[in-house]
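At position 149 of the sequence shown the residue is numbered 198 (the numbering used here), and the sequence of numbers has no breaks. Note that the Cβ used here is the ideal one computed from N, Cα and C, for glycine as well. One structure below.
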Amino acid sequence: MRVGFIGLGSQGAPMARRIVDAGFETTLWARRPATLVPFADTPAKRAASPADLASVSDLVCVCVVDDADVEEVVTGASGILAGLRRGGVIAVHSTVHPDTCRRLADRAATHGVALIDAPVSGGGQAAAEGRLAVMAGGEPGTLAFCRPVFATYGDPIVHMGPLGTGQVAKLLNNVLFTANLATAAGTLALGRDLAVDPAALSRVLAHGSATSFALDRVAAAGGTLDRMATHAGPLLRKDVRLLTDVATAAGASPGIVGTTAEEALAVMNAAARTGG
């Protein structure tokens with residue numbers, strides 16, 4: 050299978066590297082040429098545009114930041130659909146609104162192209178180690194086609210259901226993570242008020258029943274959300290907003306997880322305004 054990969058950020062780059070290292074014929078495209086430099090010593094080819102990349106690919110993986118970016122690389126004048134052959138597949142690894150994937154799938158179908166939403170979670174280190182969680186929504190046959198590539202960087206790879214359900218799962222994951230940031234930071238702050246050293250408390254909690262990935266991130270950031278406010282805050286804010294939109298449209302309430310996630314965002318907003 051020939052694979053195209055677009056989006057070589059902190060998570061996308063190690064994903065692409067795993068594909069290349071697994072021996073797949075791989076073509077890369079990136080808006081920022083600097084992100085291609087680490088691949089200079091690999092067999093990966095470079096394309097002049099998403100359309101050029103798609104023209105030599107059977108599967109194109111998209112790992113860009115947001116809905117607008119996904120729309121542009123897929124449907125733009127020099128986008129994927131301008132070059133991908135009939136029977137080709139687009140895998141959206143970005144975290145976007147489920148309706149964006151459904152809309153793009155309809156557009157892709159007019160070109161004889163299938164689209165699957167397959168957001169991932171775990172971060173750059175997990176990608177480099179081949180243990181990203183892949184949440185896939187779409188036709189089972191399309192996932193089966195993609196699975197050999199997904200398996201280079203993903204474990205587990207879980208079929209969540211119809212197109213869009215992968216995105217819903219990822220948004221739920223990120224909202225819960227955001228809520229866990231609030232409770233982890235709040236617990237360490239309460240410990241500080243009760244004369245318990247936050248660093249020592251973090252070490253204990255990390256080995257107890259209260260441990261979580263969020264606690265690990267907060268502890269690594271000095272016990273507060275201040276350091277995370279600038280780089281993580283905007284992305285988490287996007288995902289909480291998307292989940293709220295999805296829930297509202299479905300007549301569901303985000304409930305306590307949504308409320309707690311908003312608490313974390315409020316803390317990060319305040320930290321960002323004051324410079325941490």
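### Task
Round the Cβ separation of L225 and G203 to the nearest angstrom and send it over; I've been treating them as touching at under 8 Å.
For this step, residue 225 is matched to residue 176 along the sequence shown. For this step, residue 203 is matched to residue 154 along the sequence shown. Actually they are not in contact, since the Cβ atoms of L225 and G203 sit about 20 Å apart, beyond 8 Å.
### Sequence-distant residues of its chain with Cβ nearer than 8 Å to R156 (five each side left out)
The residue you call residue 156 lines up with position 107 of the sequence shown. The beta carbon of R156 lies closer than 8 Å to those of V123, T124 and L130 in the same chain, with the five residues before and after it left out.
### Query
How would you label P247, buried or exposed, when you count the other beta carbons within 10 angstroms and need 16 or more for buried?
Within the sequence shown, the letter at position 198 stands for residue 247. Residue burial annotation: P247 is buried, with at least 16 other C-beta atoms found within 10 angstroms of its C-beta.
### Task
Could you tell me how far apart the beta carbons of A154 and A167 are, in whole angstroms, since I believe they sit closer than 8 Å?
Taking the sequence shown and counting its residues from 1, the one referred to as residue 154 is at position 105. Taking the sequence shown and counting its residues from 1, the one referred to as residue 167 is at position 118. In fact, because the Cβ distance is near 12 Å, the residues do not count as touching under 8 Å.
### Query
If you check the beta carbons only, do L99 and I165 fall under 7 Å apart?
Looking up residue 99 in the sequence shown gives position 50. Looking up residue 165 in the sequence shown gives position 116. Note on identity: in this sequence residue 99 is Pro, with Leu being the wrong assignment. Their beta carbons are not under 7 Å apart, which means P99 does not touch I165 by this criterion.
### Query
Exposed or buried, what is A83 when buried is set at 16 or more other beta-carbons lying within 10 Å of its beta-carbon?
Position 34 of the sequence shown, counted from the first residue, corresponds to residue 83. With fewer than 16 Cβ atoms within 10 Å of its Cβ, A83 is classed as exposed.
### Query
Between which two residues does the alpha helix (DSSP H) containing C195 stretch?
The residue given as residue 195 occupies position 146 in the sequence shown. It spans P189 to F199 - the alpha helix (DSSP H) in which C195 sits, taken as one unbroken run.
### Message
Mapping the DSSP letters down to three states, classify L77 as helix, strand or coil.
### Response
The count along the sequence shown starts at 1 and reaches residue 77 at position 28. Here L77 carries a strand assignment [DSSP, helix/strand/coil].
### Nearest to V183 (by Cα), restricted to the options P205, I139 and F73
Sequence index remark: in the sequence shown, residue 183 carries index 134 (1-based). Nearest in C-alpha terms to V183, of all of P205, I139 and F73, is P205.
### Query
So L285 packs on T227, CB below 8 Å; how close in whole Å?
Position 236 of the sequence shown, counted from the first residue, corresponds to residue 285. Position 178 of the sequence shown, counted from the first residue, corresponds to residue 227. With a Cβ gap of about 5 Å, L285 and T227 count as contacting.
#### Entry: Span of the alpha helix (DSSP H) around P99
For the purposes of this step, residue 99 is identified with residue 50 of the sequence shown, where counting begins at 1. Per DSSP, P99 belongs to the alpha helix (DSSP H) from P99 to S104.
### Query
Among D294, V119 and T279, which one has its Cα closest to the Cα of L314?
For the purposes of this step, residue 314 is identified with residue 265 of the sequence shown, where counting begins at 1. Among D294, V119 and T279, the Cα nearest to that of L314 belongs to T279.
### Message
Check for me: the alpha helix (DSSP H) holding D265 runs from which residue to which?
### Response
Along the sequence shown, read from residue 1 onward, the residue named residue 265 stands at position 216. Counting along the chain, D265 sits inside the alpha helix (DSSP H) bounded by residues F262 to A269.
### Query
Straight-line CA distance for R266 to G172?
On the sequence shown, residue 266 is found 217 positions in, with the first residue counted as 1. On the sequence shown, residue 172 is found 123 positions in, with the first residue counted as 1. One C-alpha to the other measures close to 12 Å.
### Message
Going by C-alpha to C-alpha distance, which of S170, D242 and A175 sits closest to V207?
### Response
In the sequence shown, residue 207 corresponds to position 158, counting from 1. V207 has its Cα closest to that of S170, out of S170, D242 and A175.
### Message
Restricting to Cα atoms, I'd like to know which of L133, T214 and A177 is closest to T149.
### Response
Counting from one through the sequence shown, the residue named residue 149 turns up at place 100. Ranking L133, T214 and A177 by Cα distance to T149 puts T214 first.
### Task
Report back the beta-carbon spacing between T75 and A65 to the nearest angstrom; my notes put them in contact at under 8 Å.
Locating residue 75 in the sequence shown gives position 26, counting from the first residue. Locating residue 65 in the sequence shown gives position 16, counting from the first residue. About 7 Å; that satisfies the 8 Å criterion.
### Message
Tell me the rounded alpha-carbon separation between A158 and S251.
### Response
Residue 158 sits at position 109 when you count from the first residue of the sequence shown. Residue 251 sits at position 202 when you count from the first residue of the sequence shown. The alpha-carbon atoms of A158 and S251 are separated by roughly 50 Å.
#### Entry: Limits of the unbroken beta strand (DSSP E) element including G53
Counting from 1 along the sequence shown, the entry for residue 53 is found at position 4. Run containing G53: R51 to I55, per the beta strand (DSSP E) assignment.
### Rounded distance between the beta-carbons of D115 and G137, thought under 8 Å
If you number the sequence shown from 1, residue 137 lands on position 88. If you number the sequence shown from 1, residue 115 lands on position 66. With 8 Å as the limit, G137 and D115 do not qualify as a contact, their Cβ atoms being about 23 Å apart.
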